[in-house]
Amino acid sequence: MMLTPDSLKIDSEKISASICDFTKEFVRKAGAEGVVIGISGGVDSSTTAALMVRALGEDRVIGLLLPEEGVTPKEDLDDARALANQLGIRWEEVEISTIVKEYLKILPRTGDLLAQGNLKPRIRMTILYYYANSLNYLVAGSGDRSEILIGYFTKYGDGGVDFLPIGGLFKTQVRQLGLYLGIPERIALKPSSPRLWKGHLAEIELGISYEEIDLILHAIFDLNLSAKEASRETGLSENKVLKVLEMYERSRHKREMPPIAPINLEA
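Following the working numbering from start to finish, the sequence shown increments by one per residue and tops out at 267.
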């Protein structure tokens, strides 16, 4: 069977139509006027924004650019602006570094880079919902299936959204869809990064490429292969397969609603 990147090829036209149909119906049932989306200049948010325009029209989509001074690279911000203009949507830019600094003025400094980094997507989430609530819009998330399954997102940060249009697509499949939708190649093929700190790149932090992650996830969750079988069919080491499975297990809480303590009122 031997799995290769070609194993994850998609019919972009069909998938685009399916996501757009889902979006139209979801927004209609919610009684919302449109959607707000954070645009970072990366492939996930750019592809999601393009899909939202296809589904709802440019007048019902608002893009929010939420850079942090000293962390967000100029090229990402330039790409986000250019993409929003290309799509013809209304967009606004809110620089978050002042808000981040105010938080860190009153919070104890632990030196924990991740704790500080996770503040930023949570701040962005509150801004997205401020706009959404003000306009009777929904927040469209841009998380993909790869990030969701390995837990590579901030709980109640970029994971705090109303719906996930591309949540059923692996990262490498989102790149395919983005190119089909006319996303510039420099964005579609750009290395992924949540930009929680300066120089932050996803694949360096994860220690494994998305091409490898996606093949492993496909083998385990779509083909129901064991770790040994997944290693054999992907040509990747069993250690890499187990690493991905560990990320999945450790992040299980991110994909579930908070557990409620059982209470017996009859007792």
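All C-beta atoms, glycine included, are put in the ideal place defined by N, C-alpha and C.
Cβ neighbours of residue i in the same chain (closer than 7 Å, five flanking residues each side left out)
i	result
Leu217	Ser146, Leu149, Phe170, Val244
Thr4	none
Val241	Ile216, Ala227, Ala230, Ser231
Glu238	Ala227, Lys228, Ser231
Leu87	Ala49, Ala50, Val53, Glu58
Leu138	Val27, Ala30, Ala32, Val35, Ala132, Asp162, Phe163
Arg122	Thr154, Tyr156, Gly157
Leu128	Val36, Gly38, Leu64, Val139
Asp214	Leu8, Ser146, Phe170, Lys171, Thr172
Asn136	Ala32, Glu33
Proximal residues to residue i (C-beta, below 8 Å), its chain only, five neighbours per side dropped
i	result
Thr48	Ile37, Ala140, Gly141, Ser142, Pro165, Ile166
Ile10	Leu169, Gln173, Gln176, Leu177
Leu56	Thr23, Lys24, Val27, Gly34, Val35
Ile39	Ser45, Ser46, Ala49, Gly63, Leu64, Leu65, Ala80, Leu83, Ala84, Trp91
Arg250	Gly151
Arg186	Asp79
Simplified DSSP state of residue i, which is helix, strand or coil
i	result
Gly63	strand
Ala10	The residue asked about is misnamed: residue 10 is Ile in this sequence, not Ala. In the structure shown, Ile10 sits in coil (DSSP, three-state: anything other than H, G, I, E or B).
Leu265	coil
Glu256	coil
Ser146	helix
Gly182	coil
Pro108	coil
Pro191	coil
Ser16	helix
Gly168	coil
Met2	coil
Gly235	coil
Whole-angstrom C-beta distance between residue j and residue i, which should lie under 8 Å
i	j	result
Met125	Gly157	5 Å
Ile96	Lys120	7 Å
Any non-hydrogen atom of the ligand SAH closer than 7 Å to residue i Cβ
i	result
Asp44	In the structure shown, the ligand SAH is absent, as is every other ligand, since no ligand is present at all.
Residues that residue i bridges to, as DSSP identifies them
i	result
Leu138	Val35
Phe153	In the DSSP output, where bridge partners are listed per residue, Phe153 has none listed.
Phe163	Ala140
Residues near residue i by beta carbon distance below 6 Å, same chain, minus five either side
i	result
Leu179	Ala188
Glu93	Leu65
Leu236	Glu212
Ile99	Ile123
Cys20	Arg54, Ala55
Gly207	none
Arg60	Gly34
Asp144	Asp44, Ile166, Leu169, Lys171, Val174
Below-8 Å beta-carbon distance, residue i vs any chain B residue
i	result
Arg145	No chain B is part of this structure, which consists of one protein chain only.
**Prompt:** Which full runs of the beta strand (DSSP E) of 3+ residues lie inside the segment 19-98, going along the chain?
**Reply:** 34-38, 61-65, 90-93
- Item | Minimum length 4: unbroken alpha helix (DSSP H) runs contained in the segment 203-232 | Secondary structure in the segment 203-232: the alpha helix (DSSP H) runs of 4 residues or longer, each lying completely within the stretch, are 210-217 in chain order.
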